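Trainee: In the numbering used here, the protein residues as written are 106 to 156. We put the beta carbon where it would ideally sit given N, CA and C, even for glycine. Predicted model, so just to flag it, every value in this text is computed and none were measured. The structure under discussion is supplied below as structure tokens; questions concerning it will follow.
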């Protein structure tokens, strides 16, 4: 029973760590877009309002 508790705690910690890493990577990837890239592809980006 103790092994099950330790293993599930470990898996939960890994899951949380990966979720946080994914979230941080998304934020930094969006922040690192250069202005030249935005100007070059701004006409190709389509923004639609949420309903």
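#1: By how many angstroms is the C-alpha of residue 109 removed from the C-alpha of residue 124?
#2: Quick one: what does DSSP say residue 107 is sitting in, helix, strand or coil?
#3: What did DSSP end up calling residue 155 once you bin it into helix, strand or coil?
Mentor: According to the data block:
#1: 22 Å
#2: helix
#3: coil
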